[in-house]
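K.L.:
Have a look at this one.
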Amino acid sequence: MDLYLNDRRIASRDINFVALDGLLQPELTPRQLQEMGVKLQAFPALRELPQETPISNLLAYIPDAGSVFNFHQRRLDISIPQAALTREARGQIDPEQWDQGLPAALLNYSFSGANTRREGRSGSDDNYYLNLRSGLNLGAWRLRNYSTYTQGDSRARWASLNTYLQRDVHSLKSQLVVGDSFTPGELFNSVQYQGIQLASDDNMYPDSLRGFAPVVRGIARSNAQVTVRQNGYIIYQTYVPAGAFEITDLYPTSSSGDMEVTITEADGSVRSSIQPFSAVPVMVREGRFKYSLVVGEYRSTASKSSTPAFAQGTLIYGLPGDTTVYAGVLASAKYSATSLGVGHGFGEWGSLSMDVSQARTELRQGSRHDGQSVRFQYAKDIAATNTTFTLAGYRYSTSGYYDFQEANEIDPGNFNDWRRLYNRRSRAQLNINQSLGEYGNFYINGYQQDFWRQTGYERSLSAGYNLSRGGVTYGLSYAYTQTPAYNGRKRNDQQLAFNIQLPLGSALRNSWVNYNLNTDAQGKTAHELGLSGATLPDDNLIYSVSQGYASPGQGNSGNAHATYKGSYAETKLGYNYERHSRQLNYGAQGGVVAHPFGITFSQPQGETMALVRAPGAAGVKVQNNTGVNTDWRGYALVPHVSTYRRNRIALSTETLADDIDIEANTQSVIPTRGALVLADFQTRVGSRVLMALTYQGKPVTFGASATLVQESTTFASSGIVGLEGEVYLSGMPEQGEVKVQWGEQADQQCTAAFVLPISIEGSQPFSIIRTLSVSCN
């Protein structure tokens, strides 16, 4: 039934009722009352009871408390005075309810590969990318490793990006991390290190007291490979068709740090751009205290980088008047920096933060430098015009200012990478999203930065307009990149794309005809016409086919791709051709978990997951999770759940087999970060029976309870006897006994032995309700 507290829905659960003074009263335990928010410490009689002791008379323990049960709506309303409840922020959950989850061994994998044949070359080229995220959970501790494998151009490389041990610290609302990780990026640029970190975790606060993975956009001229790097590591790789693309499922390795997006076209040409990634202005609520402490050794992918030991500390505090102050210090043997800043909310004018950093640096060749850096960040939602400034920022640094990464990686002798030759001078970025209501949506993202002793700017700009009208979707996008002049070379690139998508309606459900037009600064133009859509009952097979036509002399192209989202994995297969090349690309991603109940395969895993356990209930769909169904044993993995939040896990009862019944089709879980929590569904396997019960020649008393006699009383089949002595029972064995009771006296109960009748000839086993009459003795 649905449980409500002071007219607010709490959960759906089974509640036992007992007769008290002629009325049915619910039995609740002190643990359940505490979960509802009752202050047990304020009531000595409650405080002294064992946590699982049933309480049937709330009024005897809590003055003015009461309950009302609505039989027809299956709703139980509990009323408890506000003074007896803890005063919590909206969405607040008692840390006692946080679930550390099951002990488990985890493996998440993502594999992609391509076989490419080019004219004029013998044989073919093979490229592979494997991403492995493995781990162990034991109590509150999480051991994790993130490794990648790349192979191409006759080279292969394993890279272990990080290995760390992590646990939450409830009393501090913090996370403790030991091993390889990244420093927080609010005050100083985030860097990778090996050491120990203790830092506040925003997720432990309710949404009402809180307070970003970016979207990577670009335009591919052909069927292309897109690779995303952050801090020198490949964090994402995929294959996209020609036209504008968006990557929305990134898992950045740190809270800041620019991402390098590399597009490798079918003809082998390579284009790179920088995607800025940073947090919004530094602001926290009044009275909120946020901190981080890091001690470790600097790590880098640069071959000649210094790796000094360092310590970093940051502090952010919310003052009255919508003001936040923050400070930080970073120190190593040859580098030190301090930062002071303030953020303020200006109401309808948005929020602004400003900070000043002072750094003293000794570079590897022995030169010493002192410098300052000033940063402004601005964010604003303009409700009247539906405009969102996600981030508008500007930073200026003097010639003597080096951030910690530059201080360790700048190499005056490295003429192959100009970014490792010079330190940054200024940087500006702007992200704007404008909703036009029924007329669509417009966005613009741009950034510009320059370097001391370097001519020119590094620039990136992307803009787009999208409109959906009458089921037809239109899109127009533009991308521009520029790199500074280096070794006499200056590289600019421009791309313009237009697309339109038309639904096919009832002819092909969830299918569309697509048209794309791409053009670049050199005047090369390509047209593409295709069909895409989703099929199967759960729309978990996604497909696309297209044919492209290019400018004269450029040749034509075509591609076909399919992605299948199964319960055990997600697989991809594609083929494309260009004027001078043919490519087959493929991929698979998913996960496997070993837990106390066995081994379960899954779709790609998130950081925090839930294990569905419904013994015997095979092939049952998990609601709101495409392609997720229980396996042959009745287990499934929900790959993404929210940490420190109440998550509703529900099974679709219409997908249950005829001989399966479940006590309740929903469960609530509240996981900690990185946990594998159990959503345990009680199941009954057996026949559905309508039994007519008689006692001493007459129908059994109306309202009597009938319960299957079995060794385990957990979720025993039971029902209430109707007016004519009939009772409906599910999950019944072929033979057994039913205990019937309508009072506490010996002459107010009896036992009925039964043998189920054979199913009707030609019918499926258990596909109908089996009926029988039984005498109770």
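Residue numbering for the sequence shown follows UniProt numbering, starting at 1 and increasing by one per position. The beta carbon of each residue, even a glycine, is placed where N, CA and C say it ideally should be.
For the stretch 520-527 against the stretch 550-558, are there 3 or more C-beta pairs whose distance is under 8 Å?
P.N.:
yes
K.L.:
Does DSSP put L363 in a helix, in a strand, or in coil?
P.N.:
In the structure shown, L363 sits in coil (DSSP, three-state: anything other than H, G, I, E or B).
K.L.:
Which residues in the same chain have their Cβ closer than 6 Å to the Cβ of residue 783, if we skip the five residues on either side of it in sequence?
P.N.:
Nothing can be reported for residue 783, as the shown portion of the chain is limited to 1 through 777.
K.L.:
Among the candidates D520, Y575 and E570, whose CA atom is the shortest distance from the CA of Q547?
P.N.:
When C-alpha distances from Q547 are compared across D520, Y575 and E570, the shortest belongs to Y575.
K.L.:
Under three-state DSSP, which class holds R673?
P.N.:
coil
K.L.:
Might you give, ordered along the chain, the residues of its own chain that have their beta carbon closer than 6 Å to the beta carbon of S351, omitting 5 neighbours on each side?
P.N.:
P281, M283, G345 and A379
K.L.:
Does the separation of the CB atoms of D267 and H580 fall below 8 Å?
P.N.:
yes
K.L.:
Among residues of its own chain, excluding the 5 on either side of L85, which ones have a beta-carbon nearer than 7 Å to its beta-carbon?
P.N.:
G37, V38 and K39
K.L.:
Tell me the residue span of the alpha helix (DSSP H) that contains Q405.
P.N.:
F404 to E409
K.L.:
Please list, in chain order, all residues of the same chain as T398 whose beta carbon is under 6 Å from its beta carbon, the five residues on each side excluded.
P.N.:
G371 and Q372
K.L.:
If you reduce the DSSP assignment to three classes, tell me which class residue 780 lands in.
P.N.:
Shown here, the chain extends from 1 to 777; a query on residue 780 therefore has no answer.
K.L.:
Is the beta carbon of A675 sitting closer than 8 Å to the one on D99?
P.N.:
Here A675 is near D99, since their CB atoms are less than 8 Å apart.
K.L.:
What three-state label does DSSP hand G437 in the structure shown?
P.N.:
helix
K.L.:
Which term fits R673, buried or exposed, when burial requires 16 or more other beta carbons within 10 angstroms of its beta carbon?
P.N.:
buried
K.L.:
When you compare only the Cα positions, how much space is there between S775 and E724?
P.N.:
13 Å
K.L.:
Sort V721, A359 and Q225 by Cα distance to Y129 and report the nearest one.
P.N.:
Q225
K.L.:
Determine the DSSP secondary structure at F415, reduced to helix, strand or coil.
P.N.:
With a pLDDT of only 48 at F415, under 50, the local geometry of the prediction cannot be trusted, and the value read off the model is given with reservation. Looking at F415 - three-state DSSP - the assignment turns out to be coil, as it is neither helix nor strand.
K.L.:
What does a CB cutoff of less than 6 Å around G475 pick up in its chain, not counting 5 residues either side in sequence?
P.N.:
N466 and N499
K.L.:
Measuring CB to CB, does L756 end up less than 8 Å from M732?
P.N.:
Cβ atoms of L756 and M732: closer than 8 Å.
K.L.:
Return the chain-ordered ranges of every alpha helix (DSSP H) run that is complete within the stretch 95-145 and spans a minimum of 4 residues.
P.N.:
DSSP runs (the alpha helix (DSSP H)) wholly in the stretch 95-145: none.
K.L.:
Examine the Cβ distances between the stretch 445-452 and the stretch 422-429 and report whether three or more of them are shorter than 8 Å.
P.N.:
yes
K.L.:
Go through its chain and collect everything with a Cβ distance to F597's Cβ below 7 Å, but skip five positions before and after it.
P.N.:
R613 and Y635
K.L.:
Inspect the beta-carbon positions of G341 and S353 and report whether they are closer than 8 Å.
P.N.:
yes
K.L.:
How many Å lie between I219 and T238 at the Cα?
P.N.:
14 Å
K.L.:
In this structure, how does DSSP classify L3 when only helix, strand and coil are distinguished?
P.N.:
Per DSSP, reduced to three states, the secondary structure at L3 is strand.
K.L.:
Using 8 Å for Cβ pairs, my map puts R299 next to Q192. What's the rounded Cβ distance?
P.N.:
4 Å
K.L.:
Who are the near neighbours of S305 in its chain, counting only those whose CB is closer than 7 Å to its CB and skipping five residues on each side?
P.N.:
N408 and E409
K.L.:
So that I know if they touch, is there some Cβ in chain D lying closer than 8 Å to that of G440?
P.N.:
Within the model displayed, chain D is absent; a lone protein chain is all it includes.
K.L.:
Can you give me the start and stop residues for the alpha helix (DSSP H) that M36 sits inside?
P.N.:
P30 to M36
K.L.:
Is G505 helix, strand or coil when you go by DSSP?
P.N.:
helix
K.L.:
Excluding the 5 residues flanking Y146 on each side, which residues of the same chain have their C-beta closer than 6 Å to its C-beta?
P.N.:
R133, L161 and N162
K.L.:
Based on DSSP bridge pairs, tell me the residues matched to Y298.
P.N.:
For Y298, DSSP records a beta bridge to Y193.
K.L.:
On the CB-based measure, 16 or more other CB atoms within 10 Å of its CB, does F212 come out buried or exposed?
P.N.:
Low confidence applies here, because F212 scores a pLDDT of 41, under 50, leaving its location unreliable and the question unanswered by this model.
K.L.:
With C-beta atoms as the reference, is G185 less than 8 Å away from Y164?
P.N.:
No, the Cβ-Cβ distance between G185 and Y164 is not below 8 Å.
K.L.:
Compute the Euclidean distance between the alpha carbons of T701 and A679, then round it to the nearest angstrom.
P.N.:
In this structure, the straight-line span from the alpha carbon of T701 to that of A679 is close to 38 Å.
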